[in-house]
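S.K.: Residue numbers (the working numbering): 2 to 120. Would you mind keeping the following structure in view while I ask a few things?
In structure tokens form, the structure reads like this:
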């Protein structure tokens, strides 16, 4: 997995990238009460605001970590946004993207670098 400075995780899965937020991010946000996900089929560019998260503490936007097409969203989050708190790295994923340039992943941190950043 790779990690962004904005506390997103990116997990390669075949030719797709699964994207979510880290446990550190969910701790900082507190209880997540609403998640607005992007449309399946949307073409996004790196740094586009594509997800809105509302928690008991704040509202936050998630930026597209790479260029590509949204191919799947986690519809379970619409009914149960707390999944992101309960299982951030597993069932709490946000979307899957088919990257137009997979090399964009190369610039992100590995787990050791991310843990050093949040320490």
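Ideal Cβ positions, reconstructed from N, Cα and C, are used throughout, including at glycine.
1. Between residue 98 and residue 69, is the Cβ-Cβ spacing less than 7 Å?
2. Start and end of the alpha helix (DSSP H) containing residue 111?
3. Write down the C-beta distance between residue 62 and residue 72 rounded to the nearest angstrom, noting that I regard them as a contact closer than 8 Å.
4. Indicate the three-state DSSP secondary structure (helix, strand or coil) for residue 77 in the structure shown.
5. When the Cα atoms are used, what is the spatial distance from residue 93 to residue 87?
M.R.: Let me spell this out:
1. Walking along the chain shown from the start, residue 98 turns up at place 97. Walking along the chain shown from the start, residue 69 turns up at place 68. Going by C-beta atoms, residue 98 is nearer than 7 Å to residue 69.
2. As a working note, residue 111 is residue 110 in the chain shown. Looking at the DSSP string, residue 111 is not in any alpha helix (DSSP H), and its letter there is neither H nor E.
3. Start at 1 with the first residue of the chain shown, and residue 62 comes out as number 61. Start at 1 with the first residue of the chain shown, and residue 72 comes out as number 71. Actually they are not in contact, since the Cβ atoms of residue 62 and residue 72 sit about 21 Å apart, beyond 8 Å.
4. What you label residue 77 is simply residue 76 of the chain shown in a count that begins at 1. Residue state, collapsed to three classes: helix.
5. Residue mapping note: residue 93 aligns to position 92 of the chain shown, counting from 1. Residue mapping note: residue 87 aligns to position 86 of the chain shown, counting from 1. Taking the straight line joining both Cα atoms gives about 7 Å.
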